[in-house]
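Below: one structure, written as structure tokens.
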Amino acid sequence: METQENIKEKPKKAKGLLMFLKASVSSQIASWIDMGLSYILFAYIIPDAFIAKAIGAATGGVVNCSINYKWTFQPKGCSKRYVAIKYAMVWVGSLLLNSFGTDIVTEFLKGLPILADWGVTDKGCFMAAQLAVSLVVSIFWNFMLQRYFVFRNVPIKNSIKKVSTKIKH
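Going by my numbering, the first residue of the sequence shown is number 70, and it counts up by one from there.
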């Protein structure tokens with residue numbers, strides 16, 4: 070039998086799931102813009118892959134932040150300036166986690182003899198690592214920090230103080 074408390078929790082869970090789905094859609098749109106623009110720039114305008122990718126990634130980040138601000142999280146009373154600063158911090162962290170995480174997991178997978186026995190190439194290890202790391206970072210870094218930090222009316226100073234206090238102990 071459902072208790073009064075369980076009945077009250079169902080709408081919260083549904084709202085959280087809907088927020089997660091919206092964030093996933095926003096992420097997909099931003100990723101397609103990132104990849105598409107990067108390709109167009111590299112193929113037709115900028116012959117430098119790094120610069121083309123950097124412009125694509127930055128554009129995708131702006132698109133993702135904008136969609137999440139207007140549609141996914143709809144923050145009340147949050148300064149757009151502080152949202153942008155907090156988003157940039159999370160975005161840089163995501164970039165680093167994805168880059169280093171993919172490298173570490175790729176090297177780990179390449180060292181597994183069973184994968185070599187199955188005919189999995191280094192490229193296959195890279196693709197598997199990239200997929201696994203991006204999913205973990207997307208959910209446990211990007212979504213969580215966007216939900217509880219970026220799009221909340223929490224001043225950066227207070228957040229930094231809280232984090233630094235926890236690190237000291």
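Glycine included, each C-beta is placed from N, C-alpha and C at the ideal position. On a predicted model such as this, the values are computed, not experimentally measured, just so you know.
Label residue 190 either buried or exposed according to how many other C-beta atoms from any shown protein chain fall within 10 Å of its C-beta, with 16 as the threshold for buried.
exposed
Contact check, residue 166 vs residue 206 under 8 Å by CB: the rounded distance?
5 Å
Could you compute how far the alpha carbon of residue 119 sits from the alpha carbon of residue 126?
10 Å
On a Cα-Cα basis, can you pick out the residue from 108, 113, 203 that is closest to residue 163?
203
Cβ of residue 91 within 9 Å of Cβ of residue 171?
no
Give a yes or no on contact between the stretch 107-122 and the stretch 154-163, applying the rule of three or more CB pairs nearer than 8 Å.
no
Segments assigned alpha helix (DSSP H), at least 4 residues, entirely inside the stretch 100-139
118-136
Residue range of the alpha helix (DSSP H) that includes residue 167
149-179
Given 8 Å as the limit, is there contact between the stretch 144-161 and the stretch 171-187, that is, 3 or more CB pairs closer than that?
no
Could you check where the alpha helix (DSSP H) with residue 207 kicks off and where it finishes?
First-last for residue 207: undefined, no H or E at that position.
The alpha helix (DSSP H) spanning residue 182 covers which residue range?
182-186
Among residues of its own chain, excluding the 5 on either side of residue 134, which ones have a beta-carbon nearer than 6 Å to its beta-carbon?
156
Beta-carbon within less than 8 Å of residue 102's beta-carbon, same chain only, minus the 5 sequence neighbours each way: which residues are those?
125, 128, 129, 132
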